[in-house]
Amino acid sequence: MTYATERNATALARLQELAGPELYWRNTFRITSLPTDATHRTIRAQQRRAAVAGSVGAVSGAGGGPGGGPALPQAPTPERLRAAFEELRDPQRRIVDELFWLWDTPDATCPCPRELHQRHDEAVRAHARALDMELTEEWTDPDGRDVERAETLWAVAGRTWTELLGDGRVREHLRHRVHALDDRRLDESVVDVLLDRLPRTLLMSVAALPDTVVDLEDRARLCAPWTGLGRETVDEVLEEVLEPVYESAASKFEAIADLHDARRFDDEARLLEEELVPVLVKLQPFATALEQRYASKLCQAGSTMLNNCAVALLDESAWAPPERVGRLLDLALRFAVDAENRERIAANKTYLPGGAAGGNHAGTGAHAPSPPGLSVGEKVGCVTFLVFMVAAVVVGVMTGSFLAALGVGFGGLAVIGLVGDLLESLGGRRSRNPYGGRR
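Converting from the sequence shown to this note's numbering requires adding 649 to each position, the first position being numbered 1.
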């Protein structure tokens, strides 16, 4: 444990508490309606007003505070207000909450350019409002304008927060606030801790939205504006959030592999289409748009299994239903991640009747495939065999010798074998499984 980590353990704990969709609902400044640069005197005065209001059963506002911050969807209870005021007594917890609320306050004394404060507050407002809309499911417009507004808010929040992380003036603002708070429990080492953990805290607010609020496809879409926070951070957070989905996919892989090893290819195909493909559909946006490492691996593994099952069905029987095999190969192509595997799967599709796969192609119906044709060597061998058999009969008739005719016949068979082998070695034999290994 480094000095900064040990020294700022309370700030780290607060960041961990806030890392989720309720990031702004838990913010003490939003709850108490206080400005982020409030003095101890201002805090005490606000706390007295809240206590008086609570004593007569009234609620002290719905939060938000100076600077036009969005109010909480529900007014805070007296108990929640008291807890928020207690939070402000600890400078490490307070400075974390300052980072996630408005800086452009009416009486701001910070020497930072006001433009920096305004950009920071734009990010906070957009982010807080977007999360409010998701968590409260505030979709009132039948024409979808609320959804469009939420999309705009997410885009603004992701872009602006990402820009702020690359602005060195944010560091200077935090250093100024450390000195302004003037508390021996707080020093400048907290600044590095805050900026180091900020990307993860921001991304968790989106990635950890509950399944009851957004499905996996929407979650991937909402995470897209935040990729500028850093590929490693995005990868780490999504792997943590998606762990239950990964575990579900892994258990299905094991069951499918067992069926393949037992050569129960029909059952394997059914399990692939009915159980694994729906999971891969959910993971694919994370593998493609977000390039999440483990999601990419699982999609590629699923693609390989789909391909290998299709090839196994072809190898098992020349009369395998082409529409089913084609459907499996189409799905394998859909989830393939790298170009090399896509090329191999596409090559396997050429061995279907007509060189096309399944019902996804125009004009391709369900029909039985034709038996595999003879190779060039086999065709030449048949012709040569007939020639030597005729020669054997002629020799037998002309010489009256059965042994001479038999000799010509056996000699012909030897020549047929040599010719066939030569042609096969020169031209090669078609294989219906150009995809290498099975597993």
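Ideal Cβ positions, reconstructed from N, Cα and C, are used throughout, including at glycine.
Endpoints, alpha helix (DSSP H) assigned at residue i
i: D756; result: It is not in any alpha helix (DSSP H) - D756 carries neither H nor E in the DSSP assignment.
i: Q941; result: Taken as a continuous stretch (DSSP letters only), Q941 belongs to no alpha helix (DSSP H), as it is neither H nor E.
i: L632; result: Residue numbering for the chain in the displayed model covers 650 to 1088; residue 632 lies beyond these limits and cannot be assessed.
i: G975; result: 971 to 984
i: T659; result: 658 to 667
i: Y895; result: 892 to 910
i: A995; result: 988 to 998
i: C872; result: 865 to 872
i: L765; result: 763 to 785
i: A918; result: 914 to 920
i: A856; result: 838 to 856
C-beta atoms of residue i and residue j nearer than 8 Å
i: L977; j: A959; result: yes
i: V886; j: L865; result: no
i: A733; j: I680; result: yes
i: I905; j: E896; result: no
i: T882; j: P859; result: no
i: E888; j: Q941; result: yes
i: P740; j: D832; result: yes
i: D781; j: D770; result: no
i: H825; j: P760; result: yes
i: T811; j: L878; result: yes
i: L1001; j: G975; result: yes
i: P670; j: L852; result: no
i: D816; j: L765; result: yes
i: Y673; j: A775; result: no
i: F914; j: A950; result: no
i: V890; j: A857; result: yes
i: V1092; j: A668; result: In the structure as shown, the chain starts at 650 and stops at 1088, and residue 1092 therefore has no counterpart that could be examined.
i: L664; j: T809; result: no
i: L982; j: A995; result: yes
i: E736; j: T677; result: yes
i: A898; j: V928; result: yes
i: A694; j: L730; result: no
i: I744; j: L813; result: no
i: L802; j: A779; result: yes
i: V855; j: L871; result: yes
i: V862; j: E800; result: no
i: L921; j: M954; result: yes
i: S945; j: N990; result: no
i: A869; j: F935; result: yes
Below-8 Å beta-carbon distance, residue i vs any chain C residue
i: A996; result: You won't find chain C in this structure, because it holds only one protein chain.
Return the chain-ordered ranges of every beta strand (DSSP E) run that is complete within the stretch 677 to 751 and spans a minimum of 3 residues.
none
Are at least three pairs of beta-carbons, each pair with one atom in the stretch 830 to 848 and one in the stretch 810 to 822, less than 8 Å apart?
yes
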